[in-house]
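Keeping their order, the protein sequence lines are chains V and H. Oh and the first sequence: position 146 is 1535 in this note's numbering, straight run, nothing missing. Oh and the second sequence: position 93 is 1482 in this note's numbering, straight run, nothing missing. No residue lacks a Cβ here, since even glycine has one placed at the ideal position from N, Cα and C. On a predicted model such as this, the values are computed, not experimentally measured, just so you know.
Number of protein chains: 2
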Amino acid sequence: MHEEDAGLRARLIEVGVELVTREGTQALSLREIARRAGVSHGAPRRYFPTHLELLSAIAREGFAALGAEVTRALGDGRADPRAQLTTLGQAYLDFALANRGMYELMFRHDLLESNHLGLREASLPLFDVVVDLLTRAGLRPGVDPRIAAGALWANAHGLAQLWAWGSLQPTTGSAELEPLLRAVLEAHLGPEPQ
Amino acid sequence: MHEEDAGLRARLIEVGVELVTREGTQALSLREIARRAGVSHGAPRRYFPTHLELLSAIAREGFAALGAEVTRALGDGRADPRAQLTTLGQAYLDFALANRGMYELMFRHDLLESNHLGLREASLPLFDVVVDLLTRAGLRPGVDPRIAAGALWANAHGLAQLWAWGSLQPTTGSAELEPLLRAVLEAHLGPEPQ
DNA sequence: TCCTCCATGTAGACACTGTCTACTCAGCTC
DNA sequence: GAGCTGAGTAGACAGTGTCTACATGGAGGA
């Protein structure tokens, strides 16, 4: 009963989140969401003028969930920055593989109003965390932390994407991807001490 | 006049390739392709039973073009394997950024019949080239070349994707991505000699 | 109490999509 | 010439996102 009278706007997002995580991006038609929310197909228009804006709101929920998952994994943040970076990468990949539909939606720029709904802003905090951890871990001299963070992110994103697409070895699980992340980390930070 | 009477099947693919490179994935509706080919909307069905199969054929053309571009960049293949790997990465990124629509289509697994049309096979030769170059360049001991190749590919793919999405620094051009590729390469091969 | 207004949602239209099926029709073989 | 077959046409169908005209119910003011 946590959704009794939360307002149609919130309910539409809720229905959309559930739909995309259970049935994937294809199921996210405007009319289907309205149907499952128990309203007519014209109702969502009152809150989301266009289909893309509704999808963007759903995707933003996904970015929030990813952020929560990552900060949960990082804990109190007192661990070695380098260790935190691998933890973050692992958490990122786990999220992507556990919520494939949502993750796919989050990066389907053709389905999202990238500029309107503050989607960029939703993904930025995570980026800043990486930048912070990288600078605290001590980058090689002359390496821009923002560029390095982008490279790390791109690597994790590519791994998640190709893994989901089935292009990586089918036997390659999330655990086996960890050394790959570590290797890239090493490339930017220098060899691991000790 | 290179398309005078090449048969409808070939012409549909040709029209599709031009359409996706000029107007993006969204423009690739079955009816629009048929329209531009000058036939009725039912005609493609004779050669491609479903929309996805036509799109897959178009994407396969993209993989062929990517392969051609890469082998052209590699030249006679007598250069240092390590240098060839960076050349390959650069060519890959150049292709992705120059043909965004096509590149997007090539990895939209929801639009492709990944299993039917030998799409996996179309992308495999490139993968094998990377594996070959990596083993000739001398991997660190205990590193599976196929895993390393997957990691490299994932990195390039992620860079291309995030770059196209605008998530990387807008000022970051294809040239600036090169050190990122080199860093990852270094992570798998060990530091550059000399 | 009655009236008005307005936010919320309904219902139908429109153009478009992919798929399916019935049909035309030229060109070929027997 | 008769019949068949491959290639393409044309229309229907269910589904989509968007737009617009319409109900309706509840709050605020006289």
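>> Tell me which residues share the same chain as A1594 (chain H) and place their Cβ nearer than 6 Å to its Cβ, disregarding the 5 neighbours each side in the sequence.
In response: No information on residue 1594 (chain H) is available, as it lies outside the stretch 1390 to 1583 that chain H covers here.
>> To the nearest angstrom, how far is the alpha carbon of S1429 (chain H) from that of A1446 (chain V)?
In response: 39 Å
> What whole-angstrom Cβ distance do A1549 (chain H) and L1486 (chain H) have, given they're in contact under 8 Å?
Replying inline: 7 Å
>> Does R1420 (chain H) pass the burial test, meaning 16 or more other C-beta atoms within 10 Å, or should it be called exposed?
In response: The residue in question, R1420 (chain H), is exposed, as its Cβ has fewer than 16 Cβ neighbours within 10 Å.
> According to the neighbour-count rule (16 or more other Cβ atoms, all chains shown, within 10 Å of its Cβ), is P1530 (chain H) buried or exposed?
Replying inline: exposed
>> Just checking: is the beta-carbon of V1573 (chain V) within a distance shorter than 7 Å of some beta-carbon in chain H?
In response: yes
>> Against chain V, does L1551 (chain H) count as a neighbour if the rule is that its beta carbon must be under 7 Å from one of theirs?
In response: yes
> Would you call the segment 1395-1402 of chain V and the segment 1424-1443 of chain V in contact, with 3 or more CB pairs under 8 Å?
Replying inline: yes
> With 16 other CB atoms within 10 Å as the buried threshold, where does Q1473 (chain H) fall?
Replying inline: Under this definition Q1473 (chain H) is a buried residue.
> In the structure shown, what three-state DSSP assignment does E1421 (chain H) receive?
Replying inline: The DSSP-derived three-state label of E1421 (chain H) is helix.
>> Using a Cβ-Cβ distance cut-off of 7 Å, determine whether A1488 (chain V) contacts chain H.
In response: Looking at the sequence provided, one finds Asn at residue 1488 (chain V) rather than Ala. No - not a single Cβ of chain H is within 7 Å of the one on N1488 (chain V).
>> By the DSSP assignment, the alpha helix (DSSP H) with G1527 (chain H) in it spans what residues?
In response: First-last for G1527 (chain H): undefined, no H or E at that position.
> Whose Cβ in chain H lies nearer than 9 Å to the Cβ of F1484 (chain V)?
Replying inline: From the beta-carbon of F1484 (chain V), no residue of chain H is found nearer than 9 Å; the closest lies around 16 Å away.
> Is the Cβ-Cβ distance between G1547 (chain H) and H1546 (chain V) less than 7 Å?
Replying inline: yes
> Which first and last residues belong to the alpha helix (DSSP H) in which V1428 (chain V) is found?
Replying inline: No alpha helix (DSSP H) contains V1428 (chain V), which DSSP labels as neither H nor E.
> Is it true that the segment 1513-1521 of chain V meets the segment 1434-1442 of chain H, where meeting means three or more beta-carbon pairs spaced less than 8 Å apart?
Replying inline: no
> In chain order, what residues of the same chain lie with their CB nearer than 8 Å to the CB of T1476 (chain V), ignoring the 5 residues before and after it?
Replying inline: A1462, L1463, A1468
> How many angstroms separate the CA atom of L1569 (chain H) from the CA atom of A1537 (chain V)?
Replying inline: 8 Å
>> Give me the chain H residues within the contact set of F1357 (chain V), using Cβ-Cβ distance strictly less than 7 Å, ordered along the chain.
In response: Outside the shown range of chain V, which is 1390 to 1583, sits residue 1357 (chain V), and nothing can be said about it.
> If the cut is a Cβ gap below 7 Å, which residues of chain H does H1498 (chain V) touch?
Replying inline: W1554
>> Judging by CA-CA distance, which residue of V:T1410, V:L1551, V:T1439 is the nearest neighbour of L1500 (chain V)?
In response: Taking only the C-alpha atoms, the option nearest L1500 (chain V) is V:T1439.
> What is the DSSP secondary structure of T1476 (chain V), counted as helix, strand or coil?
Replying inline: helix
> Listing by chain order, which chain V residues have their CB less than 9 Å from the CB of G1478 (chain H)?
Replying inline: Result: empty, since nearest Cβ-Cβ is about 12 Å, beyond 9 Å.
>> Just to make sure I have the definition right: I need the residues of chain H whose C-beta is within less than 8 Å of the C-beta of G1547 (chain V). Which are they?
In response: Ordered by position in chain H, the residues that pass the 8 Å Cβ test against G1547 (chain V) are W1542, A1543, N1544, A1545, H1546, G1547, L1548, Q1550.
>> Please state the DSSP three-state secondary structure of L1436 (chain V).
In response: The amino acid at residue 1436 (chain V) is misidentified as Leu; the sequence shows Tyr. Y1436 (chain V): coil per DSSP, three-state reduction.
>> Quick check on L1443 (chain H) - is its C-beta less than 7 Å from some C-beta in chain V?
In response: For L1443 (chain H), the closest Cβ of chain V is not nearer than 7 Å.
> Taking any Cβ of chain V, which residues in the segment 1511-1527 of chain H have a Cβ under 9 Å from it, in chain order?
Replying inline: Within the segment 1511-1527 of chain H, the residues whose Cβ lies closer than 9 Å to some Cβ of chain V are S1512, F1516, listed in chain order.
> If you drop the 5 nearest sequence neighbours on each side, which residues of the same chain put their C-beta closer than 6 Å to that of A1511 (chain H)?
Replying inline: R1449, F1452
> Do you know whose CA, among H:R1535, H:E1493, H:D1483, H:N1544, lies nearest G1413 (chain H)'s CA?
Replying inline: H:E1493
>> Tell me which residues share the same chain as F1496 (chain V) and place their Cβ nearer than 7 Å to its Cβ, disregarding the 5 neighbours each side in the sequence.
In response: none
> Residues in the segment 1409-1432 of chain H with C-beta within 9 Å of chain V's C-beta atoms, listed in sequence order?
Replying inline: Those would be G1413, T1414, Q1415, in chain order.
> Of all the options H:E1458, H:L1417, H:L1523, H:T1460, which has the alpha carbon lying nearest to the alpha carbon of L1574 (chain H)?
Replying inline: It is H:L1523 whose Cα lies nearest to the Cα of L1574 (chain H).
>> Mapping the DSSP letters down to three states, classify N1544 (chain V) as helix, strand or coil.
In response: helix
> CB-CB under 8 Å to L1408 (chain V), same chain, minus the five flanking residues each way: which ones, in chain order?
Replying inline: Excluding positions up to five away in sequence, the list reads A1416, L1417, E1421, I1422, R1425.
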